[in-house]
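Heads up: take any position in the sequence shown, counting from 1, add 42, and you land on my numbering. Glycine included, C-beta positions come from ideal geometry on N, C-alpha and C. To start, the structure under review is shown below, and the notes come after it.
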Amino acid sequence: MILCVLCVLRGGELTVSGAVSDFLGKPVASVRFVLEGRDVTDPTFAQIVETAVDRPLSMVQVRESIAHLFSLGRFEDVSVDASLDNGRVALQYILAPIHPVTRIRFGRRTHAPGFDDGALRRVITDRYGSAPPVGRTIDMVRMLTDALGERGYLHASVTPRIQIDHAPERATLSFDIDPGARTTIGEVEIVGRATVSRSEFLQRLGLTAGAPYQREQLATRIERYVEERRRRGYYEAKVAPSVRLADGDRVANVTVTVDPGPLVRVVFAGDSLPADRRDELVPVAREGSVDEDLLEDSSNRIEEYLRALGYRDAKAPHTRGTSNGELAITFTVARGPQYRVSRLELSGHAAVSTSELAPALRTRVGEPFSDSRLDADVATIEDAYRRRGFAAVRAPSAAEPQRTANASAQVPVIVRIVVNEGARSIVDGVALEGNRALDDAALRTRIGLAAGAPFVPGQLTIDRDAIQAAYNDRGFENASVTARTSFSQSNTRVAVTYAIQEGPQIFVDHVLIVGNVRTSTETIERELQVAPGDPFGLHALNESQRRLSALGLFRRVRLAELRHGEDTKRDLLVTVEEAPATTVGGGLGAEGRVRVVSEGANGGVAAQRFDVAPRMFFEYGRRNLFGKNRSINVFGSVSLHPQNRDAFATGPRLTEYRVLGTYREPRLLNTAADGLLTATLEQQFRSSFSFRRRGASAQAARRLTRELSITGAYQIQRAELIDVNVSTNQPEIGSLIERLFSREPLRLSSFSTSLIRDTRDDTVSPTSGDYVSASGQLAALAIGSQVGYMKSFFTAQKFHVLGGGNGIVLAGSARLGMAAEFDTANPIPEPERFFAGGDTTVRGFALDTLGVRHNPTDAQSDTIDKNGFPIGGNATVILNGELRVPLSGGLSVVSFFDTGNVFQRVSQLNVTDLRNAVGFGVRYKSPFGPLRVDLGFKTHVEAIPCKADNPTVACFETRPALHISFGQAF
43 MILCVLCVLR
53 GGELTVSGAV
63 SDFLGKPVAS
73 VRFVLEGRDV
83 TDPTFAQIVE
93 TAVDRPLSMV
103 QVRESIAHLF
113 SLGRFEDVSV
123 DASLDNGRVA
133 LQYILAPIHP
143 VTRIRFGRRT
153 HAPGFDDGAL
163 RRVITDRYGS
173 APPVGRTIDM
183 VRMLTDALGE
193 RGYLHASVTP
203 RIQIDHAPER
213 ATLSFDIDPG
223 ARTTIGEVEI
233 VGRATVSRSE
243 FLQRLGLTAG
253 APYQREQLAT
263 RIERYVEERR
273 RRGYYEAKVA
283 PSVRLADGDR
293 VANVTVTVDP
303 GPLVRVVFAG
313 DSLPADRRDE
323 LVPVAREGSV
333 DEDLLEDSSN
343 RIEEYLRALG
353 YRDAKAPHTR
363 GTSNGELAIT
373 FTVARGPQYR
383 VSRLELSGHA
393 AVSTSELAPA
403 LRTRVGEPFS
413 DSRLDADVAT
423 IEDAYRRRGF
433 AAVRAPSAAE
443 PQRTANASAQ
453 VPVIVRIVVN
463 EGARSIVDGV
473 ALEGNRALDD
483 AALRTRIGLA
493 AGAPFVPGQL
503 TIDRDAIQAA
513 YNDRGFENAS
523 VTARTSFSQS
533 NTRVAVTYAI
543 QEGPQIFVDH
553 VLIVGNVRTS
563 TETIERELQV
573 APGDPFGLHA
583 LNESQRRLSA
593 LGLFRRVRLA
603 ELRHGEDTKR
613 DLLVTVEEAP
623 ATTVGGGLGA
633 EGRVRVVSEG
643 ANGGVAAQRF
653 DVAPRMFFEY
663 GRRNLFGKNR
673 SINVFGSVSL
683 HPQNRDAFAT
693 GPRLTEYRVL
703 GTYREPRLLN
713 TAADGLLTAT
723 LEQQFRSSFS
733 FRRRGASAQA
743 ARRLTRELSI
753 TGAYQIQRAE
763 LIDVNVSTNQ
773 PEIGSLIERL
783 FSREPLRLSS
793 FSTSLIRDTR
803 DDTVSPTSGD
813 YVSASGQLAA
823 LAIGSQVGYM
833 KSFFTAQKFH
843 VLGGGNGIVL
853 AGSARLGMAA
863 EFDTANPIPE
873 PERFFAGGDT
883 TVRGFALDTL
893 GVRHNPTDAQ
903 SDTIDKNGFP
913 IGGNATVILN
923 GELRVPLSGG
933 LSVVSFFDTG
943 NVFQRVSQLN
953 VTDLRNAVGF
963 GVRYKSPFGP
973 LRVDLGFKTH
983 VEAIPCKADN
993 PTVACFETRP
1003 ALHISFGQAF
């Protein structure tokens, strides 16, 4: 005899039919999962159901199992079927799956201009992502109908269809669209006076008879028109459209009500204000409004500004006045006399010396007096005392103006601050009560107060919160901590007690992961810092959320707890929404920089020319490969230079290109290291040579801490010089040039490693933090290289925001490169040597033109040949300093100092040979990155030969160098 129990969970309620008592308490013989008529063996299901084999059947366990299965977000219905088999219960969980939408299609009965499938699809995906839920189909129909209506199809019909596929479960969501007749613009009436001609006004609003009526586009154009009027000073301009539909809604008759408003002028009367501060104090132009609240705030800002300058009695009321169609807003500024601190008397501070307090005070003798600064100084003094244990300290202040007969003269102010120290309280002891799960030793490491230390009330709150956080991190979500203090009669001793009510400890019962379609569950589980059986700790949950978001695979990540029958257990529900797996990008641009060219008229002497070259790039990326956080990227760029490097040559132009392909494998071979394979194909030209290179590398990188990482790599490449601009007809260094600039292709095989410490707040435009790296490279014949050498490079950068709250950043960088070949007869090839000069090194020099140079040429030390072309070196030093000052609208200015040089040998490094450059630049935060324009100047120019065949004829180096590029210099 077979009995059936059907348990269906709907709307959070459990309804049961059948003889339940015949099954309860009997051991479970088997548990099966049936999905659309077929058995499935997903291990996730077995992990989350509570009805385990050989355990007695419980209705509570059945309900919790159904709740767990629903929590996966994969099923729209779950039912349970039970039968008796020799006194044991055979259970079947019958699962009705949700079929995620993997494809969205659109069909049209008639052509609908103004819309394409991509635009329609974005209406849905922008709201619901790439896999919209089928249950939201009605909402999607409404959204599509509204979107079509915005483009003039006011009576569009959208009919949804769902095609269900099985194994795997998925659905195709189709929308059949009948747009109907498109509403067009009929009569247009203008009420009021537009400030331009009727035809121009209608053209700017797109209101042409017979044109499609598009509400959203009309609103955008009206907003643009009004903004333009407000930029011209018409801050009260208004344009309001109204529409009357006719002919069955096929025609939209539009009435536009225009109120141009008066031209607004802001007038400052009375005492003057600095011209460069007026727009900041009265931001009418920036806000595009003359709202009364804004004007009142402006008056207050002016008064606060003047009072900070010592004008204690400053007033700046405003009035409105209309004349000849103009609205004049007048701020009448009355500064009054300036108050200056003539004497500062600080008394009563026996426990803290004047030398300790004075540097922190902003009120100083001879400076303008400000009440707000005095209040801040009082707070500073009281805080300094409280941090030393004087909890009852008070420091009342008084400002006594010394009036003079001359009302317009400066008013001296005597400032008195009297410190009432009160008793100093010392912590007598710190006690912990009620802590059973966490011992005293674990908690005291989080407490700042200690016996014998000064009692600081603020630290008491910090310690209480730290103890609370310690319990929250261990799963005690209801733990509470109360801090009690008991002072002695003299208030000199205080006993501190932290009373703890722990409450129950909550543990993770199951971890449920939903929403991942392409991403494997293992990839998500690997980033989670909690597992079944662990405490439901707050820190672990926050760290899990951070790690999952850092993968870059998901648009959204949400961690939530699910309560069920047991009070001390929670299920952790991890919901992810996957980001698009494929990214495609491209663009056009230009680069401008000073290049070195050969002047044939002067025997091949190097000359500098500012070169602007168009560039284009393309990028393709695919992430989340094979369900893991693997990714593949291909990047290509081409630069077309309009002139040949020789200004007098007529040969073919040289095109620069670079193709870079990368494959990233996280957790290489199940370790903590990430793997990276890179293939490169490029053709580039430098000042002295052009080269073509093909290469491949394999890299393993491991992050030791959040700030520290280490990498190791192997690289093999084949490089050849395709053009050389350096003449070998130089007796002094001709043999060296022949070895350095050999046209024979070279194979280079090397191992490298690097150690990086990065605490910057932003890798593109950092404002704080440090960046320190050390790298080394070894190429040897034993590993297949045709040249053997060692190479190292060290970088140290520091970024610091200066005080004052104005966002000024002081940035510094130091770089040191050193290299040595194993056989001097086979020197390090040119593409691997060090060069300096250009937009990222010393900006007073053109690309690569910085180096050691003598006349006549010194073959043992020069890194610039007699014609002025660089040959590179085995050592370099680059030092940079920048002051970055933000302005507004993403614009900032910088001033910089650069110094450095390139040396032929490491042993020749000498700080006296460093060459300096100073300059300034402009930065703009564009959508594509920081656009940078720098103008550098050499602090000292040297005499150089003007003609190759007559070195006695000397010229001087050009002093400035202009650079235009993207990204910061360092």
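Residue j beta carbon less than 7 Å from that of residue i
{"i": "A623", "j": "R665", "result": "yes"}
{"i": "R926", "j": "V851", "result": "yes"}
{"i": "A279", "j": "G303", "result": "yes"}
{"i": "K670", "j": "S586", "result": "no"}
{"i": "D904", "j": "H896", "result": "yes"}
{"i": "V469", "j": "S439", "result": "no"}
{"i": "F877", "j": "G914", "result": "yes"}
{"i": "L790", "j": "A816", "result": "no"}
{"i": "V281", "j": "L249", "result": "no"}
{"i": "V143", "j": "L215", "result": "yes"}
{"i": "V457", "j": "V383", "result": "yes"}
{"i": "V176", "j": "A213", "result": "yes"}
{"i": "A917", "j": "M860", "result": "yes"}
{"i": "G490", "j": "Q543", "result": "no"}
Identity of the residues DSSP links to residue i by a beta bridge
{"i": "Q741", "result": "L718 and A755"}
{"i": "R957", "result": "G942"}
{"i": "E724", "result": "R700 and R735"}
{"i": "I555", "result": "V616"}
{"i": "T374", "result": "A311"}
{"i": "L933", "result": "Y966"}
{"i": "A821", "result": "S792 and Y831"}
{"i": "G363", "result": "A370"}
{"i": "A282", "result": "T299"}
{"i": "E346", "result": "DSSP, once it has assigned bridges, lists no residue as partnering E346."}
Separation of residue j from residue i, as counted between CA atoms
{"i": "N644", "j": "S730", "result": "With a pLDDT of only 44 at N644, under 50, the local geometry of the prediction cannot be trusted, and the value read off the model is given with reservation. Taking the straight line joining both Cα atoms gives about 17 Å."}
{"i": "I136", "j": "E106", "result": "15 Å"}
{"i": "R799", "j": "S834", "result": "17 Å"}
{"i": "D812", "j": "G923", "result": "14 Å"}
{"i": "V460", "j": "L403", "result": "14 Å"}
{"i": "S785", "j": "L889", "result": "Correcting the residue identity first, residue 785 is Arg in this sequence and not Ser. C-alpha separation (whole angstroms): 22 Å."}
{"i": "R430", "j": "F411", "result": "29 Å"}
{"i": "P454", "j": "G408", "result": "9 Å"}
{"i": "G717", "j": "L823", "result": "26 Å"}
{"i": "I1006", "j": "D804", "result": "22 Å"}
{"i": "L844", "j": "L702", "result": "39 Å"}
{"i": "S930", "j": "R328", "result": "11 Å"}
Residue i in three-state terms, based on DSSP
{"i": "S903", "result": "coil"}
{"i": "F911", "result": "coil"}
{"i": "L595", "result": "coil"}
{"i": "L702", "result": "strand"}
{"i": "Y540", "result": "strand"}
{"i": "N712", "result": "helix"}
{"i": "P1002", "result": "strand"}
{"i": "R406", "result": "coil"}
{"i": "R687", "result": "With a pLDDT of 47 at R687, under the threshold of 50, the modelled position of this residue cannot be trusted; read the value that follows with caution. R687: coil per DSSP, three-state reduction."}
{"i": "D339", "result": "helix"}
Next item on the list: Pair every Cβ in the stretch 497 to 509 with every Cβ in the stretch 521 to 531, then say whether three or more of these pairs are closer than 8 Å.
Entry: Contact between the stretch 497 to 509 and the stretch 521 to 531 is present, because at least three Cβ pairs lie under 8 Å.
Check: Touching or not, the stretch 565 to 582 and the stretch 107 to 121, by the rule of three or more beta carbon pairs under 8 Å?
Finding: With the cut-off at 8 Å, the stretch 565 to 582 and the stretch 107 to 121 do not touch.
Next item on the list: Determine contact between the stretch 320 to 331 and the stretch 283 to 290, defined as no fewer than three beta-carbon pairs at a distance below 8 Å.
Entry: Segments in contact, no.
Next item on the list: Check whether the stretch 530 to 537 touches the stretch 592 to 599, taking contact to mean three or more Cβ pairs, one atom from each stretch, closer than 8 Å.
Entry: Flag = no, the stretch 530 to 537 and the stretch 592 to 599 do not touch.
Next item on the list: Spell out a yes or no on whether the stretch 357 to 366 and the stretch 382 to 393 are touching, meaning 3 or more CB-CB pairs, one atom from each, closer than 8 Å.
Entry: At 8 Å Cβ cutoff, the stretches do not touch.
Margin query: Taking contact to mean 3 or more Cβ pairs, one atom from each stretch, closer than 8 Å, check whether the stretch 554 to 569 and the stretch 489 to 502 are in contact.
Written below: No contact exists between the stretch 554 to 569 and the stretch 489 to 502.
Check: Would you say the stretch 937 to 952 touches the stretch 960 to 967, given that touching needs at least three Cβ pairs under 8 Å?
Finding: Yes: at least three Cβ pairs fall under 8 Å.
Checklist line | Segment contact, 8 Å Cβ cut-off, at least three pairs: the stretch 224 to 235 with the stretch 199 to 206 | finding: These segments do not touch.
Margin query: Using a Cβ distance threshold of 8 Å, determine whether the stretch 122 to 130 contacts the stretch 610 to 625, with at least three qualifying pairs required.
Written below: Flag = no, the stretch 122 to 130 and the stretch 610 to 625 do not touch.
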